[in-house]
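J.:
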Amino acid sequence: MLFLLGTWLPMMGQKVAEVSADDLLARVQVNNDTTYVINFWATWCGPCVDELPVFESEELHAGDVALKVLLVSLDFKSHKETKLLPFLRSRSVEAEVVLLDERNPNVWIDRIDEAWSGAIPATLVIKNGVSVFYEGELDLQHLQSLIATINHQKSSL
Amino acid sequence: MKQVILLLFGLMVSLNASQGQVKVGDKAPGFSLMNTDYQIVSLSDYKQQDGVILIFTCNHCPYAKFYEERINQLHRKYAPQSFPVVSINPNDSVKYEVDGFSYMVKKGYDFPYLLDNKGVYKAYGATKTPHVFLLNNTDEGFRVAYIGAIDDSPQDADEVEEKYLEAAIEAVQQGKNVNPSLTKAIGCSIKPFVL
């Protein structure tokens, strides 16, 4: 019985939708009270994996800001079943993960943010169409400061 | 306030990063770095060539691996046309052991594979691997003619539709404007030596 549970439980990981850059932007470029934190990462990217706990930390979600974290995986589609899903299960990642389904980076990178060179990790924080972008590894304090800035910007407009 | 200061600091850092990147038309920063045969290779060693395909790359990054064979092919095709490849690994092996020098030696490339422990990546403003800088040898020395991606299909060489780098080389060879002269690609952020 324990053995059965052991094999069954890890299979309850999240499903991962495949989205285009259009899908992604349509979802976060909206007018509502939600602050979207969109992190571009991949299982093969060491610094990305290192910073993942920041996006799931209780401290991050403890504030009074309505927050939606989207982890946008740049893993290769052919590795979805063999690497991405097992990784999410083994780490019990709870934040929503989507897999970006795009071909030519030269076309879609600028659409996310023109300041992005294409290196990952990279994070976009967006609320009501106002965004801040950060290329590089974030710690909790730095991410909180990006979120605070977006929310202050909104109130000062 | 503290948060605003932190953000400003972050903005300054990113501004510095973008200001640090050489632009198309700029003079190419010189370098002298150790090759996998323990000889020092300098940009000035190439002054008899028409140009240099300078590629920041590494061993661990999946995107760099995707391009290994395509970079070999570029050298085979363009070295005889006086546009040889010079590759530079800007990563310290502290983060990824396979980026270490002995692993670079094992690659056995036909072109230099230099260890950047002097911050050359910063002089160019390379942020990731792979990151390409095409250098055109002009009357005024090496100038940057193109920055960015090798082509438009990192994951599958069979699905390449636009060979950005080859188009840039051919434009330079024909004395035409390079267009596009700047492209973007996903890559692994550089984990440099702390100087």
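As they're listed, the protein sequences go chains A and B.
So that you can map any letter, position 70 of the first sequence is 70 in this note's numbering, and since no number is skipped, the others follow by simple counting.
Residues are numbered in this note's numbering as their position in the second sequence, beginning at 1, plus a constant of 1000.
Ideal Cβ positions, reconstructed from N, Cα and C, are used throughout, including at glycine.
Between B:1122, B:1069 and B:1049, which lies nearest to residue 1158 (chain B) when the distance is taken from Cα to Cα?
T.: The shortest Cα separation from residue 1158 (chain B) among B:1122, B:1069 and B:1049 belongs to B:1069.
J.: Measuring CA to CA, which of B:1048, B:1037, B:1092 and B:1171 is closest to residue 1193 (chain B)?
T.: Nearest of B:1048, B:1037, B:1092 and B:1171 to residue 1193 (chain B), Cα basis: B:1092.
J.: Nearest-angstrom Cα distance between residue 1050 (chain B) and residue 1061 (chain B)?
T.: Answer to the nearest angstrom: the Cα atoms are 30 Å apart.
J.: According to DSSP, is residue 1143 (chain B) helix, strand or coil?
T.: If DSSP states are grouped into helix, strand and coil, residue 1143 (chain B) belongs with the strands.
J.: Out of A:145, A:98, A:121 and A:51, which has the shortest C-alpha to C-alpha gap to residue 24 (chain A)?
T.: Among A:145, A:98, A:121 and A:51, the Cα nearest to that of residue 24 (chain A) belongs to A:98.
J.: Can you have a look at residue 1012 (chain B) and say buried or exposed, based on whether 16 or more other CB atoms are within 10 angstroms of its CB?
T.: Model confidence at residue 1012 (chain B) stands at a pLDDT of 44, short of 50, so the residue's coordinates are unreliable; what they give is reported in the following sentence. By the 10 Å Cβ count, residue 1012 (chain B) comes out exposed.
J.: Rounded to whole angstroms, what's the CA-CA distance from residue 148 (chain A) to residue 1033 (chain B)? Just pull it up for me.
T.: The alpha-carbon atoms of residue 148 (chain A) and residue 1033 (chain B) are separated by roughly 44 Å.
J.: Please list, in chain order, all residues of the same chain as residue 94 (chain A) whose beta carbon is under 7 Å from its beta carbon, the five residues on each side excluded.
T.: Here the set comprises 56.
J.: So, using beta-carbon positions, are residue 1149 (chain B) and residue 105 (chain A) closer together than 8 Å?
T.: Against a cut-off of 8 Å, the Cβ pair of residue 105 (chain A) and residue 1149 (chain B) comes out as a contact.
J.: On a CA-only basis, which of A:22, A:132 and A:37 is nearest residue 107 (chain A)? Give me that one, please.
T.: For residue 107 (chain A), the nearest C-alpha among the options comes from A:22.
J.: Which residue marks the beginning of the beta strand (DSSP E) containing residue 90 (chain A), and which one marks its end?
T.: Segment 85-91 is the alpha helix (DSSP H) holding residue 90 (chain A); no beta strand (DSSP E) there.
J.: What residue from A:146, A:66, A:41 and A:123 has the CA that sits closest to residue 74 (chain A)'s CA?
T.: Comparing Cα positions, the closest option is A:41.
J.: Taking the C-alpha atoms as reference points, what is the distance between residue 1179 (chain B) and residue 60 (chain A)?
T.: Approximately 44 Å, taken between the alpha carbons.
J.: Looking at chain B, which residues of the segment 57-91 of chain A have a Cβ within less than 7 Å of any of its Cβ atoms?
T.: From the segment 57-91 of chain A, only 74 and 76 have a Cβ closer than 7 Å to chain B.
J.: Could you confirm whether any beta carbon from chain A is found closer than 8 Å to the beta carbon of residue 1188 (chain B)?
T.: Yes - at least one Cβ of chain A is within 8 Å of the one on residue 1188 (chain B).
J.: Enumerate, from N- to C-terminal direction, the unbroken alpha helix (DSSP H) stretches of 4 or more residues contained entirely within the segment 1105-1163 of chain B.
T.: Counting only runs of 4 or more, we get 1120-1124.
J.: Could you tell me how far apart the beta carbons of residue 1071 (chain B) and residue 1052 (chain B) are, in whole angstroms, since I believe they sit closer than 8 Å?
T.: Going by Cβ atoms, the distance from residue 1071 (chain B) to residue 1052 (chain B) rounds to 13 Å, so no, they are not a contact pair.
J.: Using beta carbons (cut-off 8 Å, strictly below), is residue 1153 (chain B) in contact with chain A?
T.: Interface residue, yes.
J.: Buried or exposed, going by whether 16 or more other CB atoms sit within 10 Å of the CB of residue 1019 (chain B)?
T.: Low local confidence applies: a pLDDT of 47 at residue 1019 (chain B) is under 50, so the model's placement there is unreliable, with the coordinate-based value given in what follows. The residue is exposed, with fewer than 16 neighbouring Cβ atoms inside 10 Å.
J.: Looking at residue 1107 (chain B) and residue 1191 (chain B), is the spacing between their C-beta atoms short of 8 Å?
T.: No, the pair does not count as a contact, with Cβ atoms beyond the cut-off.
J.: Run through DSSP, which three-state label would residue 18 (chain A) get?
T.: DSSP places residue 18 (chain A) in strand when its eight states are reduced to three.
J.: Assuming residue 1090 (chain B) and residue 1126 (chain B) are in contact, meaning their beta carbons sit under 8 Å apart, how far apart are those beta carbons, in whole angstroms?
T.: Sure, about 6 Å apart at Cβ, within 8 Å.
J.: Compare the C-beta of residue 1127 (chain B) with all C-beta atoms of chain A and state if any pair is closer than 8 Å.
T.: Closer than 8 Å: yes.
J.: Apart from the five residues on each side of it in sequence, which residues of its chain come closer than 6 Å, Cβ to Cβ, to residue 17 (chain A)?
T.: 98.
J.: In the DSSP assignment, the alpha helix (DSSP H) including residue 1089 (chain B) goes from what residue to what residue?
T.: That residue, residue 1089 (chain B), is in no alpha helix (DSSP H); its beta strand (DSSP E) goes 1085-1089.
J.: Would residue 38 (chain A) count as contacting chain B if we go by Cβ distances under 8 Å?
T.: It does not: the Cβ of residue 38 (chain A) has no partner Cβ on chain B nearer than 8 Å.
J.: Taking the continuous alpha helix (DSSP H) assigned at residue 127 (chain A), which residues delimit it?
T.: Note, residue 127 (chain A): premise wrong, no alpha helix (DSSP H); beta strand (DSSP E) at 122-127.
J.: Apart from the five residues just before and just after residue 1103 (chain B), which ones in its own chain have a Cβ nearer than 6 Å to its Cβ?
T.: Same-chain partners within the cutoff: 1059.
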